[in-house]
Amino acid sequence: MKKQISLLGGLILLIFLACKQGSDVPEPLNIQNIQSVAAKEYSFTQNPVWSDEFEQSGLPDEKIWSYDVGGSGWGNNELQFYTKADLDNAYVKNGYLTIEARKESFENRNFTSARLVTKGKKDFLYGRIEVRAKLPSGRGTWPAIWTLASQSEYGSTYWPDNGEIDIMEHVGYDPGVVHATVHTKAFNHVINTQKAATQLVSDFDQSFHEYRIDWTPDYIKAFIDGKLYFTFQNTSKGWEEWPFDKKQHLLLNIAVGGNWGGQKGVDDAIFPAKMLVDYVRVYGLNN
Ligand SMILES: [Ca+2]
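Last residue of the sequence shown? That's 496 in our numbering, and every number before it is there in order.
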């Protein structure tokens, strides 16, 4: 009986200790705590902060666009010479910008084309970028809708240290396969660590499609006609992985040949090759 009493006493003591310990357990997370650790929701301005609908015929609007000029190969052994303000290679008509790659000798090259850039005119940090375009087809074409950093702020070399976002790339020998890609110092194609995804767009050269990215402090997402197919998260491990907290600018071009576009050669019979752009719309990030 005595033993039983001491057992009962021990049990009561254990319950008491358990209850006391229980009071040290942190309170369960309340709803507010949960919300503070959930992913931040971003939204964009209802109207574009800038856009080009390409409604004025002639050369592209010089308030928005400049030209990268030359036949240097552009780091990729590309075959074209990019001309400056030449209506043969870049013109606006009937509501569309056309970039036209042509087979013709010019300077040191056998092809001409154009590379339009907004650098110094329309530079932007974060936002939703929409470009509605119909792409060229044919082996050897390499159209691109993309962004580069407007200043060299990080690292020792402008590229890839300061980042590149490819909203749309397509190589003619692989028809319909559209690529979205991010390049940084840690992730780039030279060391085969680039971050990328593809989406099949079988009528890429017959129909217009909207190529888009949403760029926020936390992620870059790529869409075609509103369908998400690529997400690159900010790793928060420094500029080597995420240099995308500085201004970038937009580029539109058709390259000919090159390390990627020319992997299966160039079909001379496909020229002229045209990319038509219906609009470029850039929306700001809401606070
Ligand atoms: Ca238009």
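For glycine and all other residues, C-beta sits at the position ideal for the given N, C-alpha and C.
- Given a length threshold of 4 residues, the segment 370-449 has no whole run of the alpha helix (DSSP H) inside it.
- With three or more CB-CB distances shorter than 8 Å, the segment 287-299 counts as touching the segment 308-328.
- Leaving aside the five residues that flank residue 411 on each side, the residues in its chain whose CB is nearer than 7 Å to its CB run, in chain order, 385.
- Per the C-alpha coordinates, the member of 368, 334 and 389 positioned closest to residue 355 is 389.
- Remark: the shortest separation between the CB of residue 264 and any heavy atom of ligand 1 falls under 7 Å.
- Contact check for residue 359 against residue 381 fails: the beta carbons are separated by 8 Å or more.
- Residues of the same chain with a CB within less than 6 Å of the CB of residue 396, apart from the 5 flanking positions on each side, are 402, 403 and 404 in chain order.
- Here the alpha carbons of residue 295 and residue 435 stand approximately 34 Å from one another.
- Cβ-Cβ distances below 6 Å link residue 330 to 273 in the same chain, with the five nearest sequence neighbours on each side left out; the list follows chain order.
- For residue 457, the uninterrupted beta strand (DSSP E) run begins and ends at 457-465, by DSSP.
- Between ligand 1 and the CB of residue 335, the shortest heavy atom gap is not smaller than 7 Å.
- Around residue 430, the same chain offers 422, 423, 437, 439 and 440 as residues with beta carbons nearer than 7 Å, after the five sequence neighbours per side are excluded.
- Separation of residue 486 and residue 446 (C-alpha to C-alpha, rounded to the nearest whole angstrom) is 36 Å.
- By alpha-carbon distance to residue 286, the top candidate from 266, 326, 488 and 349 is 349.
- When the Cα atoms are used, residue 484 and residue 324 turn out to be separated by approximately 11 Å.
- Here the segment 470-480 makes no contact with the segment 356-376; the two share fewer than three CB pairs at distances below 8 Å.
- Excluding sequence positions up to five before and after residue 277, its CB lies within less than 7 Å of the CB of 291, 324 and 326, all in the same chain and listed in chain order.
- Approximately 20 Å separates the beta-carbon atoms of residue 251 and residue 459; this is outside 8 Å, ruling out the contact.
- Excluding sequence positions up to five before and after residue 474, its CB lies within less than 7 Å of the CB of 348 and 349, all in the same chain and listed in chain order.
- Exclusion of residue 438 from the 7 Å shell around ligand 1 follows from its C-beta lying no nearer than that to any non-hydrogen atom of the ligand.
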